[in-house]
Amino acid sequence: MIRRFLERRRYMREHRFTHAHLSAYLDKGLDEAEARRVEEHASICPQCKRVLATLRRTLTGLRELHGEPKVDVADGVIEALRKRS
Amino acid sequence: MTDPLPRALGAKRDAKLRSMGGRAAGVEATLVDRARSGDRLAFEELVRRHADRLYAVILRFTADDDEAQEVTQETFLRAWRSIGNFEGRSRFFTWIYRIGINEAKRRAARRAPEPVLSLDDEPVPEAPDWSEAPQTRFEQSELREVLERAVRALPVEYRAPLILRDVEGLSTAEAAEVVELGEAAFKSRLHRARLAVRRAVDEHLAGAKR
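Going line by line, the protein sequences match chains Z and P. If you're matching positions, the first sequence starts at 1 in our numbering and goes up one per residue. If you're matching positions, the second sequence starts at 1001 in our numbering and goes up one per residue.
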């Protein structure tokens, strides 16, 4: 029973660590040992595995929002600058 | 064994890109120096380099295109008036982004409050798996729309880090400098913002499934 309690406590500690470091993991901002902790926990925790996978997809989707604006604003700004200075 | 030639070519290309980046930074520093001594044409060149990107950032804080154009214009007018005070300790574009985002936030505070995305991160029951890239153009545009909506619904102090880092692709150090946060605080806000946006997609898909 004590062993199970300790295992559960360790699992929850790794769960909190993983959840808090998912962004840093995806940004490659963790050292090797920390990255391994995230990977090991995500391999046995369905919730963290899912959040990691969908967070990765979120970041790809956010990068794809970067696009060229449809209007050319520079000319308008320059015109306003010339008028007001 | 890996072929050393492509690696060598890659290193050569990286060195060339670094040198081009360095040259561009040098040209920009010269333009900033000239603008600081009152050269309006140099400042206009800085406007041409940065206005469109600044506008794209501001657009995600304002009510519409017209307000975003006004804020962009106001930002550069303010920058021109105070460029003498710009000490060059940060890069020009981080300074401009900071002025622009602060102006956009000031205007947003005057508007009626909009619904704000919760930063709570409880799992969403019945959310389907969407970790794979969308298969069809419809799914792609739906995801894009949900993400756009979720980003706009983030509280402004969380929205700016996410837009600068994840949409605009600034480095953590550059984006943290724009929003005037230390790197640790910046990373923490960015993480919460990303989780909230991710959860918003979960909620949208769980709602669609029901």
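Think of the CB as a built atom: it goes at the ideal place given N, C-alpha and C, for glycine as much as any other residue.
- Message: Could you tell me which whole beta strand (DSSP E) segments of length 3 or greater appear in the segment 1156-1180 of chain P?
- Response: none
- Task: Take every Cβ of the segment 1057-1077 of chain P, pair it with every Cβ of the segment 1094-1101 of chain P, and state whether three or more of those distances are shorter than 8 Å.
- Result: yes
- So, is the C-beta of P:Ala1196 closer than 7 Å to a C-beta in chain Z? no
- In the structure shown, what three-state DSSP assignment does P:Leu1059 receive? coil
- Query: Rounded to the nearest angstrom, how far is the Cβ of P:Leu1117 from that of P:Ala1079, given a contact under 8 Å?
  - Reply: The pair is not a contact, with the Cβ atoms about 31 Å apart (cut-off 8 Å).
- Task: To the nearest angstrom, report how far apart P:Arg1192 and P:Glu1139 are at their CA atoms.
- Result: 25 Å
- Per-residue DSSP class, three states only, for P:Glu1114: coil
- Beta-carbon contacts of P:Leu1059 that lie in its chain and below 8 Å, excluding the five residues immediately before and after: Asp1065 and Ala1068
- Run of the alpha helix (DSSP H) containing P:Phe1086, from where it starts to where it stops: Per DSSP, P:Phe1086 belongs to no alpha helix (DSSP H) and is neither H nor E.
- the segment 1172-1191 of chain P in contact with the segment 1118-1129 of chain P per 3-pair CB rule at 8 Å: no
- Touch check for the segment 45-63 of chain Z and the segment 75-83 of chain Z: three-plus C-beta pairs under 8 Å? no
- Task: Reducing DSSP to helix, strand and coil, say where Z:Met1 ends up.
- Result: coil
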